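To start, the structure itself, in structure tokens.
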Amino acid sequence: MIHVRELTKHYRETVAVHDLSFDVPPGVVTGFLGPNGSGKSTTMRMIMGLDRPDEGSVTINGRAYVALDHPLREVGALLEAKAIHPGRSARHHLQYLAETNGISRQRVDEVLDLVGLTEVASRRVGKFSLGMGQRLGIAAALLGDPGVLLFDEPINGLDPEGILWVRNLLRGLAAEGRSVFVSSHLMSEMALTADRLVVIGRGALISEGTLDEFIADTAGTYVKVRGPQLAEIERVLHAAGATVVPDGEGALTVRGWEASAIGDLVMSKQLALHELSPQTASLEEAFMTLTRDSVEYHGRTTDVPVTTGK
Amino acid sequence: MTTLTPESLRTTSTPHQKSHLIRAEWTKLRTVRSTWWTLSAMVLVTLGVASIAGASVSHSWTTFNVIQRATFDPTGISLKGLLFSQLIIGVLGVLVMSAEYGTGTIRSTLAATPQRTRVLIAKAGVVGALSLVVGEVLSFGAFFLGQSLLRSPAPHAQLSQPHVLQAVVGGGVVIGLLGLFALGIATLIRHSAGAITTYVGILLVVPIILQTLPSSFSQPILKFMPFHISDVMTSTVTVGQGSSLSPWVGAGVLALYAFGTLAVGGYLLRRRDA
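Top line first, the protein sequences correspond to chains A and W. For the first sequence, the residue numbers in my numbering are 1 to 310. For the second sequence, the residue numbers in my numbering are 1001 to 1274.
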């Protein structure tokens, strides 16, 4: 269990994290979602006691990170790919980490096996691919069999098979009752992996809750309904069991019903319809809408002259 | 998938034993090639200089004048190669800390041991012990090799003669303390290039600059410079016409360099973001 409370961090003039509070409960995967530069890594470093918050606090199982006697046995982290000396072998990297926390060499072999690096364990890490480096980082996170796990962008550099492996690993770790906290800038990945979401933008909390709540609030398929007697239409649909929410712009957002069924029902009550249009918003779109105002660096895809072969 | 909750984890351990950290730092030190390169270079240079010096003095002794013969220090000449080792041990001491920052390993290290002062103490213990042992081995090795190559009529020294043992032991002590000094500098500066430049600057460049200044100004400072102190500590004759520190006061000053930078470095290590 991780408690983050009112965390604030400035780097000179830049506000990296502002008044951020959230929880990472056990037994589920909590996704940590935000655009690049939104403060995810800074927050994770503060959880690990690597960066000192200007204000606020983080506790892990009720204690500050620096107060943990054997932190690797309580918290495992993949902070960034290749935070590893390139001249050292994978086994030696894990061995020294194990030694600091009184963990046996047998466990080093076990985690190497678990991430599939046994055969290259004696090879220098500098020769590793990005994906192998990520696997080694994950092995280091699992070394102390911790109850709390942090993964900063774990699928970066992984091939599809590796992504699937990480996804299953994270879900498996949560199923064993561990608190799993995983950051990503990809909503689509979080939709497949996370049970809960903590969404931040520009260092501040945008949304926290279950994935289902997030989807219900922001995304999915719905039907936009407009008509002259809007209140009456709303009452009729509501009575019939549909989820109806006025969108504040003179239309209704109706979930759980097909457009044809809505049309038939409204017509049967002799009410006029001016618009009946199915809408689809992907999670990715929902995330982008949610964080649009907080993206630090915008790229342009329109208004750029494109030379074609004509 | 392999089981995630293994029996092998339930190992013996009381909270964060110092021996764990020392062993971990030793593992780190011995599992990178730079350690072995730097140590090999030290052996090569120190013993090489001792051999060349011994052989060339034996060869040219007959051309020495009276003063040269009177002030000839067979111990000191064998230990001259330690000056190069003092530069090389600096590289080793710096890399122990700066390579962690350069590669990002520092974050793994501090995540495993958030008590940062203990990390620095463990590093200092390993670096200090290794540099001291290597320094002593090299110093004694260079001494015996050098003496065996000094042929009559050139005189050679024995450990039982006045100040000889002190000089040979002192040669190793200098290496040990300078290894720690370099570690301290790297803890302050955190970048390999910057830390090595600073270390070499203090050892080599500052004395050269000082020597271009009037000696009334430079002499009182020069005697506190590491190279000058090491010269005093590895000689059996008086160096610098009485304006030098005594060998053991010199050792104390070197220790102040080492533990002073480590103390300031440790303070900053605790305060700064990793």
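A virtual CB, placed ideally from N, CA and C, is assigned to each residue, including glycine. Please read all numbers here as calculations on a predicted model, not as lab measurements.
Since S78 of chain A contacts L205 of chain A with CB under 8 Å, what's their CB separation in whole angstroms? Sequence check: residue 78 of chain A is Leu here, not Ser. Contact doesn't hold; Cβ gap of about 23 Å is too wide.
Determine whether the Cβ of S1108 of chain W lies closer than 9 Å to any Cβ atom of chain A. yes
Kindly indicate if chain A contains any beta-carbon less than 9 Å away from that of V1032 of chain W. yes
Look up A1274 of chain W in the DSSP assignment and say whether it is helix, strand or coil. coil
Counting only C-beta atoms, is T1038 of chain W closer than 9 Å to chain A at any point? no
Three-pair Cβ contact test at 8 Å for the stretch 1109-1117 of chain W versus the stretch 69-76 of chain A: yes
Name the DSSP beta bridge partners of H1156 of chain W, please? DSSP, once it has assigned bridges, lists no residue as partnering H1156 of chain W.
Integer Cβ distance of P26 of chain A from R178 of chain A, believed to fall under 8 Å: 6 Å
Can you tell me whether I1208 of chain W is helix, strand or coil according to DSSP? helix
I need the DSSP call for I103 of chain A, collapsed to helix, strand or coil. coil
Along chain D, which residues have their Cβ under 8 Å away from the Cβ of A140 of chain A? In the structure shown, chain D does not exist; the protein chains are A and W.
Rounded C-alpha distance that separates P1074 of chain W from A1050 of chain W: 10 Å
Buried versus exposed call for N1065 of chain W [16 or more other C-beta atoms within 10 Å across all chains shown]: exposed
Let me know the secondary structure DSSP gives S1245 of chain W once reduced to three states. Just to set this straight, residue 1245 of chain W is Leu in the shown sequence, not Ser. In the structure shown, L1245 of chain W sits in coil (DSSP, three-state: anything other than H, G, I, E or B).
Output yes if chain W places a C-beta closer than 9 Å to the C-beta of M48 of chain A; else output no. yes
For G1125 of chain W, which residues in chain A fall below 9 Å Cβ to Cβ? Going along chain A, no residue has its Cβ under 9 Å from G1125 of chain W, so there is no contact; the nearest lies around 14 Å.
Would you say A1112 of chain W reaches chain A, if we count a Cβ-Cβ gap shorter than 9 Å as a contact? yes
Going by C-alpha to C-alpha distance, which of W:W1026, W:P1247, W:L1044 sits closest to V958 of chain W? Because residue 958 of chain W is not part of the residues shown, which for chain W are 1001 to 1274, the question remains open.
Output, in chain order, the set of chain W residues within a Cβ distance shorter than 7 Å of H92 of chain A. T1027, T1031
Between T100 of chain A and chain W, is any beta-carbon pair separated by less than 9 Å? yes
Using a Cβ-Cβ cutoff of less than 6 Å, which residues in the same chain neighbour T291 of chain A once the five nearest sequence positions on both sides are dropped? P35, G201
Do we get a CB-CB distance below 9 Å when we pair L1183 of chain W with the residues of chain A? no
Take every Cβ of the stretch 1159-1175 of chain W, pair it with every Cβ of the stretch 1123-1136 of chain W, and state whether three or more of those distances are shorter than 8 Å. yes
Measuring only between beta-carbons, confirm whether H1020 of chain W sits less than 9 Å from chain A. yes
Please work out which residues of its chain come closer than 8 Å, Cβ to Cβ, to E234 of chain A, disregarding the five sequence neighbours upstream and downstream, and give them in chain order. V244, P246, L252
For L7 of chain A, tell me which candidate among A:T100, A:I47, A:D145, A:G131 has the shortest Cα-Cα distance. A:I47
Note down, in chain order, all residues in the stretch 1210-1225 of chain W with a beta-carbon under 9 Å from any beta-carbon belonging to chain A. none
Assuming L1188 of chain W and V1264 of chain W are in contact, meaning their beta carbons sit under 8 Å apart, how far apart are those beta carbons, in whole angstroms? 6 Å
Relative to the C-alpha of S184 of chain A, which residue among A:F287, A:G49, A:S260 is closest? A:F287
Take every Cβ of the stretch 114-123 of chain A, pair it with every Cβ of the stretch 88-99 of chain A, and state whether three or more of those distances are shorter than 8 Å. yes
Pick out whichever of A:Y222, A:I215, A:G248 has its Cα sitting closest to the Cα of L230 of chain A. A:G248
For chain A, check one thing: does any of its Cβ atoms lie closer than 9 Å to the Cβ of D1273 of chain W? yes
With 9 Å as the threshold, decide whether the Cβ of R1023 of chain W is near any Cβ in chain A. yes
What number of angstroms, rounded off, separates the C-alpha of R226 of chain A from the C-alpha of V115 of chain A? 55 Å
Is it buried or exposed, I1067 of chain W, if we count other Cβ atoms within 10 angstroms and call 16 or more buried? exposed
Alpha-carbon spacing of G203 of chain A relative to V148 of chain A, whole angstroms: 23 Å
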